[in-house]
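Q:
Number of protein chains: 2
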Amino acid sequence: MSLAKPHADDSKQGTVAPTPRQRAVLDAALGLLVDPKAALTMTSVAKAASCSKESLYKWFGDREGLLTATVQWQAAKVRAVPLAREGIDLAVLRASLEHFATDWLTVLSGDTSVALNRLAVGEAGGAGHHLGTIVLENGPYAMGRRLEPVLAIGREAGLLEFDDGEAAFRDFFGLVVRDVQIRLLLGDPLKLSDDEIRSEARRATRQFLTLYGASQGSETAKRGPARPHGEDGPHDRDNPHKPNGKE
Amino acid sequence: MSLAKPHADDSKQGTVAPTPRQRAVLDAALGLLVDPKAALTMTSVAKAASCSKESLYKWFGDREGLLTATVQWQAAKVRAVPLAREGIDLAVLRASLEHFATDWLTVLSGDTSVALNRLAVGEAGGAGHHLGTIVLENGPYAMGRRLEPVLAIGREAGLLEFDDGEAAFRDFFGLVVRDVQIRLLLGDPLKLSDDEIRSEARRATRQFLTLYGASQGSETAKRGPARPHGEDGPHDRDNPHKPNGKE
DNA sequence: GGTTAATCGTACCGTACGTTACGGTACAGC
DNA sequence: GCTGTACCGTAACGTACGGTACGATTAACC
Numbered sequence: 004m005s006l007a008k009p010h011a012d013d014s015k016q017g018t019v020a021p022t023p024r025q026r027a028v029l030d031a032a033l034g035l036l037v038d039p040k041a042a043l044t045m046t047s048v049a050k051a052a053s054c055s056k057e058s059l060y061k062w063f064g065d066r067e068g069l070l071t072a073t074v075q076w077q078a079a080k081v082r083a084v085p086l087a088r089e090g091i092d093l094a095v096l097r098a099s100l101e102h103f104a105t106d107w108l109t110v111l112s113g114d115t116s117v118a119l120n121r122l123a124v125g126e127a128g129g130a131g132h133h134l135g136t137i138v139l140e141n142g143p144y145a146m147g148r149r150l151e152p153v154l155a156i157g158r159e160a161g162l163l164e165f166d167d168g169e170a171a172f173r174d175f176f177g178l179v180v181r182d183v184q185i186r187l188l189l190g191d192p193l194k195l196s197d198d199e200i201r202s203e204a205r206r207a208t209r210q211f212l213t214l215y216g217a218s219q220g221s222e223t224a225k226r227g228p229a230r231p232h233g234e235d236g237p238h239d240r241d242n243p244h245k246p247n248g249k250e
Numbered sequence: 004m005s006l007a008k009p010h011a012d013d014s015k016q017g018t019v020a021p022t023p024r025q026r027a028v029l030d031a032a033l034g035l036l037v038d039p040k041a042a043l044t045m046t047s048v049a050k051a052a053s054c055s056k057e058s059l060y061k062w063f064g065d066r067e068g069l070l071t072a073t074v075q076w077q078a079a080k081v082r083a084v085p086l087a088r089e090g091i092d093l094a095v096l097r098a099s100l101e102h103f104a105t106d107w108l109t110v111l112s113g114d115t116s117v118a119l120n121r122l123a124v125g126e127a128g129g130a131g132h133h134l135g136t137i138v139l140e141n142g143p144y145a146m147g148r149r150l151e152p153v154l155a156i157g158r159e160a161g162l163l164e165f166d167d168g169e170a171a172f173r174d175f176f177g178l179v180v181r182d183v184q185i186r187l188l189l190g191d192p193l194k195l196s197d198d199e200i201r202s203e204a205r206r207a208t209r210q211f212l213t214l215y216g217a218s219q220g221s222e223t224a225k226r227g228p229a230r231p232h233g234e235d236g237p238h239d240r241d242n243p244h245k246p247n248g249k250e
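Residue numbers (the numbering used here), protein chains in the order written: chain A, 4 to 250; chain B, 4 to 250.
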């Protein structure tokens with residue numbers, strides 16, 4: 004349904020251009036957030052950033068504002084999605100999907116993301132849901148908005164077959180993330196190396212193409228589902244030709 | 004293996020054999036947990052359960068003990084797993100998988116599960132909080148332990164093809180859960196009706212069998228992977244008695 | 001030098017909560 | 001009846017934290 008709301012609703016994004024000093028504060032907050040020893044309190048942020056609490060309240064309003072600004076500051080850092088838009092063929096599509104999966108798993112399993120999601124989830128219980136909404140917006144929703152155009156292009160090119168783009172995206176999400184995120188959030192000492200992430204991304208992409216690849220036989224039939232990826236050419240997914248002009 | 008002992012696991016927690024009075028207290032705690040208005044504090048639990056705080060500390064040691072007992076009490080309630088072990092064929096296997104998926108989605112999207120996972124995730128940040136471990140144990144891990152035998156049976160019967168049972172389970176997990184859990188935890192107002200859950204379970208099962216079903220192709224080809232779940236009206240396959248009486 | 005604005009450091013306040021302590025009540029066993 | 005036990009209700013204590021106030025410091029600008 005209304006999963007993706009890409010419309011520019013900047014009414015609440017009041018965090019207009021944090022000054023360098025404020026950015027340093029937000030980085031300090033992120034540092035505290037990641038540290039499992041430290042608690043993210045106003046006093047601790049002030050001390051870590053060598054600023055006064057009064058300044059924190061002046062700049063961010065209240066604790067919620069500080070957390071919101073921190074989440075958005077982190078989200079702003081993870082904004083780079085190369086997206087191949089033309090000359091589409093199966094190899095390019097596969098590379099794009101693998102790239103998405105790799106990026107997503109990398110972000111997901113990072114300490115910062117885990118800590119941030121923990122904070123937002125924990126905060127989502129009470130009334131001030133604001134934080135969870137923001138993480139949701141910059142997390143799953145953002146991924147959907149970025150991936151669905153790729154899927155649409157794949158469909159236009161006759162490479163994919165699906166009716167519901169959102170459902171397709173969510174299936175891809177499931178194949179990529181599986182139980183990794185919830186396990187990390189619950190404290191599972193799971194650790195993903197870069198190689199494992201790449202491998203997972205390839206597996207998820209292969210499975211997704213098995214499910215959604217157009218029935219040109221070769222993809223789904225010849226290549227058995229349980230079969231490992233026999234590569235097809237150099238999948239240099241680093242094709243930053245068009246870094247996703249949108250948003 | 005040594006992790007899951009359905010009963011008589013009083014190894015580490017003194018919270019064994021909760022008396023009826025204590026069970027009532029734990030139910031009260033669960034009630035508070037679900038209520039987004041109330042905070043789960045020792046005082047509120049005592050008041051809701053009409054017991055004294057002194058009794059709480061006597062019975063559960065401290066707050067952590069109370070929460071742990073609450074989680075385990077809830078987990079003990081969700082202990083019912085029909086498991087078809089013989090006379091296996093594709094229809095039975097499919098029914099088992101759909102049953103698993105349905106149960107899992109039902110539990111996952113329940114208020115209690117969401118609240119419990121929120122609590123555990125929020126608590127998992129610091130140290131010494133083994134609450135996340137317990138939820139993990141009774142959540143994803145438990146599902147894996149219960150599902151993997153089914154997958155193994157399916158493989159022995161020549162219905163499934165896979166090398167790594169755990170990987171297969173995790174793929175199934177991803178196809179079933181997708182982004183539902185993280186969205187719920189983050190406060191997404193997503194709501195799943197029973198029909199939607201059944202539909203999702205069928206979709207996930209169909210996709211899983213597409214990926215892992217032994218190469219009797221007809222299954223995957225005829226039905227097609229892109230079959231949407233758009234309709235929730237009366238569907239011919241809605242036969243809970245013997246779902247999908249074999250093709 | 002003097003004035004002003006921004007910021008720092010810190011003391012302070014109110015509240016929420018975990019935890020403990022204490023008085024009071026019901027009841028079983030003698 | 002007396003005593004011990006278990007429990008309830010509540011007051012009290014210590015701490016942590018969000019939020020505020022205020023003097024001190026710096027730096028820009030006249």
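Positions of the beta carbon are idealized from the N, C-alpha and C atoms, including for glycine. Keep in mind that this is a model prediction, so the values were computed, not measured.
Quick one: which residues of the region 131-142 of chain A get their C-beta closer than 7 angstroms to a C-beta of chain B? List them in chain order.
A: Within the region 131-142 of chain A, the qualifying residues are H132, G135, T136, V138 and L139.
Q: For V124(B), return the contacting residues in chain A, with the cut-off set at a CB-CB distance below 7 angstroms.
A: In the second sequence, residue 124(B) corresponds to position 121, counting from 1. The answer, in chain order, is R121, V124, G125, L188 and L189.
Q: Run the CB neighbour count on D174(B), radius 10 Å, all protein chains shown included, and call it buried at 16 or more, exposed below.
A: Indexing the second sequence from 1 puts residue 174(B) at position 171. So D174(B) counts as buried.
Q: For L119(B) versus L36(B), is the C-beta spacing smaller than 8 angstroms?
A: One-based indexing of the second sequence puts residue 119(B) at position 116. One-based indexing of the second sequence puts residue 36(B) at position 33. Yes.
Q: Rounded to a whole number of angstroms, what is the C-alpha to C-alpha distance between D38(A) and G125(B)?
A: If you number the first sequence from 1, residue 38(A) lands on position 35. If you number the second sequence from 1, residue 125(B) lands on position 122. Their backbone Cα atoms lie some 15 angstroms apart in a straight line.
Q: L187(A) and L178(A) - do their beta-carbons sit closer together than 8 angstroms?
A: Along the first sequence, read from residue 1 onward, the residue named residue 178(A) stands at position 175. Along the first sequence, read from residue 1 onward, the residue named residue 187(A) stands at position 184. Not in contact: L178(A) and L187(A) (Cβ atoms no closer than 8 angstroms).
Q: Is the CB of A229(A) under 8 angstroms away from at least one CB in chain B?
A: Numbered from its first residue, the first sequence carries residue 229(A) at position 226. Its pLDDT being 39, under 50, A229(A) is placed unreliably by the model, and the measurement read from it follows with that caveat. Cβ-Cβ to chain B under 8 angstroms: yes for A229(A).
Q: Looking at A204(B) and T105(B), is the spacing between their C-beta atoms short of 8 angstroms?
A: By one-based count along the second sequence, residue 105(B) stands at place 102. By one-based count along the second sequence, residue 204(B) stands at place 201. Yes. Within cutoff.
Q: For the region 44-90 of chain B, list the alpha helix (DSSP H) runs that are entirely contained and at least 4 residues long, ordered along the chain.
A: Entirely contained in the region 44-90 of chain B, the alpha helix (DSSP H) runs reaching 4 residues are, in chain order, 45-52, 56-63 and 66-80.
Q: List the residues of chain B that G128(A) touches, going by C-beta distances under 8 angstroms, in chain order.
A: Locating residue 128(A) in the first sequence gives position 125, where the first residue counts as 1. By Cβ distance, chain B contributes P39, A118, R121, L122 and G125.
Q: Once you ignore the five residues that flank G220(B) on each side, which residues in its own chain have a CB closer than 7 angstroms to its CB?
A: By one-based count along the second sequence, residue 220(B) stands at place 217. Confidence in G220(B) is poor, its pLDDT being 45 and thus under 50, which makes the residue's placement too unreliable to answer from.
Q: By the 10 Å Cβ neighbour count, where 16 or more other Cβ atoms means buried, how is T22(A) classified, buried or exposed?
A: As a working mapping, residue 22(A) is identified with position 19 in the first sequence. Exposed, by the Cβ-count rule.
Q: Taking all protein chains shown into account, decide if T44(B) is buried (16 or more other Cβ within 10 angstroms of its Cβ) or exposed.
A: Taking the first residue of the second sequence as 1, we reach residue 44(B) at position 41. By the neighbour-count rule (16 or more Cβ atoms within 10 Å), T44(B) is not buried but exposed.
Q: Under 8 angstroms between C-beta atoms, does I156(A) make it to chain B?
A: Working through the first sequence from its first residue, we reach residue 156(A) at position 153. False, the Cβ-Cβ gap to chain B never drops below 8 angstroms.
Q: Looking at chain B, is there any beta carbon in it that lies within less than 8 angstroms of the beta carbon of F63(A)?
A: Position 60 of the first sequence, counted from the start, is the residue given in the question as residue 63(A). For F63(A), the answer is no, since every Cβ of chain B falls outside 8 angstroms of its Cβ.
Q: Looking at A52(B): is its Cβ nearer than 8 angstroms to the Cβ of A20(B)?
A: Position 49 of the second sequence, counting from 1, holds the residue named residue 52(B). Position 17 of the second sequence, counting from 1, holds the residue named residue 20(B). For A52(B) and A20(B), no; Cβs fall outside 8 angstroms.
Q: Can you look up G157(A) in the DSSP assignment and give me helix, strand or coil?
A: The sequence position of residue 157(A) within the first sequence is 154, counting from 1. G157(A) falls in the helix class under three-state DSSP.
Q: Kindly list the residues whose CB is nearer than 6 angstroms to the CB of Q25(B), restricted to its own chain and excluding five residues on each side of it in sequence; keep chain order.
A: As a working mapping, residue 25(B) is identified with position 22 in the second sequence. Cβ neighbours of Q25(B) beyond the five flanking positions: W62.
Q: Answer yes if the region 134-153 of chain B comes into contact with the region 68-82 of chain B, meaning at least three C-beta pairs across the two stretches below 8 angstroms, and no otherwise.
A: With the cut-off at 8 angstroms, the region 68-82 of chain B and the region 134-153 of chain B touch.
Q: Determine whether the Cβ of Q210(A) lies closer than 8 angstroms to any Cβ atom of chain B.
A: Indexing the first sequence from 1 puts residue 210(A) at position 207. Interface residue, yes.
Q: Excluding sequence positions up to five away, which residues of its chain have a Cβ less than 7 angstroms from the Cβ of S326(B)?
A: The structure shown does not extend to residue 326(B), since chain B is modelled only from 4 to 250, so the question has no answer here.
Q: Look at G147(B) and E164(B) and say whether their C-beta atoms are less than 8 angstroms apart.
A: Mapped onto the second sequence, residue 147(B) falls at position 144. Mapped onto the second sequence, residue 164(B) falls at position 161. No; because the gap between Cβ atoms is not below 8 angstroms, this pair is not in contact.
Q: What separation, rounded to the nearest whole angstrom, lies between the Cα atoms of R66(B) and Y215(B)?
A: Within the second sequence, residue 66(B) is the residue found at index 63, counting from 1. Within the second sequence, residue 215(B) is the residue found at index 212, counting from 1. Distance between the alpha carbons of R66(B) and Y215(B): 45 angstroms.
Q: Is it buried or exposed for D167(A), if we count other Cβ within 10 angstroms and need 16 for buried?
A: One-based indexing of the first sequence puts residue 167(A) at position 164. Answer is exposed; the Cβ neighbour count stays below 16.
Q: Tell me L162(A)'s beta-bridge partners as DSSP assigns them.
A: Sequence index remark: in the first sequence, residue 162(A) carries index 159 (1-based). In DSSP, L162(A) forms no bridge with anything.
Q: So V101(A) packs on T208(A), CB below 8 angstroms; how close in whole Å?
A: Position 98 of the first sequence, counted from the first residue, corresponds to residue 101(A). Position 205 of the first sequence, counted from the first residue, corresponds to residue 208(A). The sequence given here places Glu at residue 101(A); Val does not occur at that position. Rounded, the Cβ-Cβ distance is 5 angstroms, consistent with contact.
Q: Quick one: Cα of L59(B) to Cα of G68(B), how far?
A: To locate residue 59(B), count along the second sequence from 1; it is residue 56. To locate residue 68(B), count along the second sequence from 1; it is residue 65. So the two alpha carbons sit approximately 9 angstroms from each other.
Q: Report yes if the C-beta of V117(A) is less than 7 angstroms from at least one heavy atom of the ligand SAH; otherwise report no.
A: Absence of the ligand SAH is noted for the structure shown, with no ligands found whatsoever.
Q: For G216(A), which residues does DSSP report across the bridge?
A: Position 213 of the first sequence, counting from 1, holds the residue named residue 216(A). Paired residue(s): L163(A).
Q: DSSP three-state label for T208(B), please.
A: Position 205 of the second sequence, counting from 1, holds the residue named residue 208(B). Three-state result, T208(B): helix.
Q: Smallest Cα separation from A98(A): which of L150(A), G113(A) and L122(A)?
A: Along the first sequence, read from residue 1 onward, the residue named residue 98(A) stands at position 95. A98(A) has its Cα closest to that of L150(A), out of L150(A), G113(A) and L122(A).
Q: With H, G and I counted as helix, E and B as strand and the rest as coil, what does DSSP make of T115(B)?
A: In the second sequence, residue 115(B) corresponds to position 112, counting from 1. Helix, per DSSP.
Q: What does the Cβ neighbour count give for A72(B), buried or exposed, with the cut at 16 atoms within 10 Å?
A: Indexing the second sequence from 1 puts residue 72(B) at position 69. A72(B) comes out buried.
Q: Counting along the chain, where does the alpha helix (DSSP H) carrying A41(B) start and finish?
A: Within the second sequence, numbered from 1, the residue matching residue 41(B) stands at position 38. Per DSSP, A41(B) belongs to no alpha helix (DSSP H) and is neither H nor E.
Q: In whole angstroms, what separates the C-alpha of A127(B) from that of V110(B)?
A: By one-based count along the second sequence, residue 127(B) stands at place 124. By one-based count along the second sequence, residue 110(B) stands at place 107. Using only the alpha carbons, I get a separation of about 21 angstroms.
Q: Rounded to whole angstroms, how far is the Cβ of L189(A) from the Cβ of A123(B), which I believe are closer than 8 angstroms?
A: Here residue 189(A) refers to the residue found at position 186 when the first sequence is read from its first residue. Here residue 123(B) refers to the residue found at position 120 when the second sequence is read from its first residue. So it is a contact: roughly 6 angstroms between Cβ atoms.
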